[in-house]
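Novice: Protein chains in written order, with our numbering: chain A, 1 to 261; chain B, 262 to 522. Dropping a structure here in structure tokens format, bear with me for questions.
Put into structure tokens, the structure is as follows:
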């Protein structure tokens, strides 16, 4: 018999979470026996419904339930659609556990590792740092790398800044919202290309825009936040299935929300 | 004779800027006579070179020179490309004045007004608030609105979330990085569609994604940060030309930095 507590302990093993953590059991009782686990980047309503259809009673999600990194009671109280989502969740009896900080604080970062493994790039890792990994890859252009990323990750559109035909051998990979200039600009002193999830539009893109005019061969590829973190949650689902072989574990990928018009 | 000080006083007239403002003269001497003004969203190197070619000696820019909203000396000190950009700027003798807070604190917000005027939507304004404007427009679908935005603003790609065929009559317009959930989610209780510059990917887009599944007709259009604020800087250029008719004032638009691969 596996309880929710057992799954939480497995995920948090060896990780110290402080009192400001966003992680934890948001719905459900930790003493309950787990009949099935669903893992997904977001606890969106389609994911919640699929979890119920699969007879899972534990949903493990990376980001917040109500569209904010830290829960915002003022926002949640006044919005009828958020109230309605809460009622839908309560009616499902689904336990929901958020695993954001623990997976990022694994050594190496479990989300970054998931992305690197999804790309079959483990053999190219030169350095793993808490906020990024540096890889030394066989010489490719950003266009070739973007095509490879699209194929391996199933992404329809990738946003790129820079000269698409430079030679890239040293790249930095940053997941989620780590694409800000404080992270990427020092890295761009050492690498040809940064690949990140999301970041402010006039930080890294503007640095690369100027760098090209300064004669430096630099580029950035923006995957999208969910696109960069989905593989890490898939990796977690595989690990949990291995640890709890008698509990069905299902990973539900997060489709892109954006149409390009 | 018009001095840099005269131009700054004109821009800051009636606005109170506190000590934490990012605005101010970053290069140059306020006593100098103005030979020509260039106005642009970003002080990127191509804009700096065009300003010199135009014999302008004052560049007015909305965002930061070194890829951060607040200057970050640690980042600036250690990056050779940033050091090089500083040397290039010093060699031009161009005065650079950042006008971010003053134009946003105008009543109504000068950047938001510039966007609304560029869209010929002044007659539809229902409410101007510091962070947004609410407009009541003739019934259109998000696809029709996106096509109109692309044509009027010269944007190649627009990102959209939601059902592209809902009826939109009430919309909220938010420029720059105001597309976060704290701003947009309460507005989406009142309007059909939010149009914003930039915002975190799993806040507003996820709210709209869930809302559609809850049967609510909601949508979002993401213009891009520069795309949403460029018209406001163009409006400023026109105002300065009117106030200082003897000084040549040139607006330089900011091209999109992103390729879609």
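Idealized CB from N, CA, C, for every residue including glycine. Treat the numbers as computed from the prediction; the structure is a model and nothing was measured.
(1) Pull out every residue of the stretch 422-443 of chain B whose Cβ sits closer than 8 Å to any Cβ of chain A, in chain order.
(2) Given that residue 51 of chain A touches chain B, what residues does it touch there, using C-beta distances under 9 Å?
(3) Spell out whether any CB of chain A is found under 7 Å from the CB atom of residue 284 of chain B.
(4) Which of the residues in the stretch 470-486 of chain B, read from start to end, lie with their CB under 7 Å from any CB of chain A?
(5) If you reduce the DSSP assignment to three classes, tell me which class residue 321 of chain A lands in.
(6) For residue 187 of chain A and residue 196 of chain A, I'd like the C-alpha separation in whole angstroms.
(7) What does the Cβ neighbour count give for residue 138 of chain A, buried or exposed, with the cut at 16 atoms within 10 Å?
(8) Can you tell me which of B:378, B:491, B:493, B:462 puts its alpha carbon nearest to the alpha carbon of residue 257 of chain A?
(9) Give a yes or no on whether the C-beta atoms belonging to residue 372 of chain B and residue 493 of chain B are separated by under 7 Å.
(10) Taking 7 Å as the CB-CB limit, is residue 257 of chain B close to chain A?
(11) Name the chain A residues whose beta carbon is nearer than 8 Å to that of residue 512 of chain B?
(12) Does DSSP put residue 39 of chain A in a helix, in a strand, or in coil?
(13) Between the Cα of residue 206 of chain A and those of B:319, B:375, B:306, B:430, spot the shortest distance and give me the residue it belongs to.
(14) May I ask which residues mark the beginning and end of the beta strand (DSSP E) holding residue 360 of chain B?
(15) Rounded to whole angstroms, how far is the Cβ of residue 167 of chain A from the Cβ of residue 184 of chain A, which I believe are closer than 8 Å?
(16) Run through chain A and tell me which residues come within less than 9 Å of residue 342 of chain B, C-beta to C-beta.
(17) What residue does the alpha helix (DSSP H) around residue 196 of chain A start on, and which one ends it?
(18) By the criterion of Cβ-Cβ separation under 8 Å, what are the contact partners of residue 346 of chain B in chain A?
(19) Taking DSSP's pairing of strands, which residues face residue 322 of chain B in a bridge?
(20) What ranges does the alpha helix (DSSP H) occupy inside the stretch 379-434 of chain B, keeping only unbroken runs of at least 4 residues that lie completely in it?
(21) What residue range is occupied by the uninterrupted beta strand (DSSP E) comprising residue 207 of chain A?
(22) How far does the alpha helix (DSSP H) with residue 232 of chain A in it extend, from its first residue to its last?
(23) Do residue 441 of chain B and residue 459 of chain B have their C-beta atoms within less than 7 Å of each other?
(24) For the stretch 310-326 of chain B against the stretch 279-295 of chain B, are there 3 or more C-beta pairs whose distance is under 8 Å?
(25) Once DSSP output is grouped into helix, strand and coil, what is the label at residue 537 of chain B?
(26) Which residues of chain A have a Cβ atom closer than 8 Å to the Cβ of residue 520 of chain B, listed in chain order?
(27) Please state whether DSSP places residue 68 of chain A in a helix, a strand or coil.
(28) Any beta-carbon of chain B closer than 7 Å to the one on residue 146 of chain A?
(29) Does the CB of residue 193 of chain A have a neighbour CB from chain B at under 7 Å?
(30) Can you say whether residue 357 of chain B is buried or exposed, counting buried as having 16 or more other CB atoms within 10 angstroms of its CB?
(31) Could you pull the start and end residues of the alpha helix (DSSP H) that residue 306 of chain B belongs to?
(32) Roughly how many angstroms lie between the CA atoms of residue 380 of chain B and residue 408 of chain B, to the nearest whole one?
(33) Distance check for residue 34 of chain A and residue 1 of chain A, CA to CA, integer angstroms please.
(34) For residue 25 of chain A, name the three-state secondary structure that DSSP assigns.
(35) What residues of chain B sit near residue 44 of chain A, judged by a beta carbon separation below 7 Å?
(36) Considering just the uninterrupted stretch of the alpha helix (DSSP H) at residue 181 of chain A, what are its terminal residues?
Specialist: So, to answer that:
(1) 422, 425, 438, 442, 443
(2) What residue 51 of chain A touches in chain B: nothing, since even the nearest Cβ is about 14 Å away.
(3) no
(4) 470, 471, 472, 474, 475, 477, 485, 486
(5) A question about residue 321 of chain A goes unanswered here, because the residues of chain A that appear run from 1 up to 261.
(6) 12 Å
(7) exposed
(8) B:462
(9) yes
(10) Here chain B comprises residues numbered 262 to 522, so residue 257 of chain B is not present and cannot be evaluated.
(11) Result: empty, since nearest Cβ-Cβ is about 18 Å, beyond 8 Å.
(12) strand
(13) B:306
(14) Unbroken run through residue 360 of chain B: none, as it is neither H nor E.
(15) Not really, about 19 Å apart at Cβ, beyond 8 Å.
(16) 185, 188, 189, 207, 210, 211, 214, 216, 218
(17) No alpha helix (DSSP H) contains residue 196 of chain A, which is instead part of the beta strand (DSSP E) from 193-196.
(18) 210, 214
(19) B:301, B:359
(20) 403-414
(21) It is not in any beta strand (DSSP E) - residue 207 of chain A instead sits in the alpha helix (DSSP H) that spans 204-213.
(22) 225-243
(23) no
(24) yes
(25) A query on residue 537 of chain B cannot be resolved here, the shown segment of chain B reaching from 262 to 522 and no further.
(26) 159, 160, 161, 164
(27) coil
(28) yes
(29) no
(30) buried
(31) 306-314
(32) 12 Å
(33) 8 Å
(34) strand
(35) 467, 470, 471
(36) 181-187
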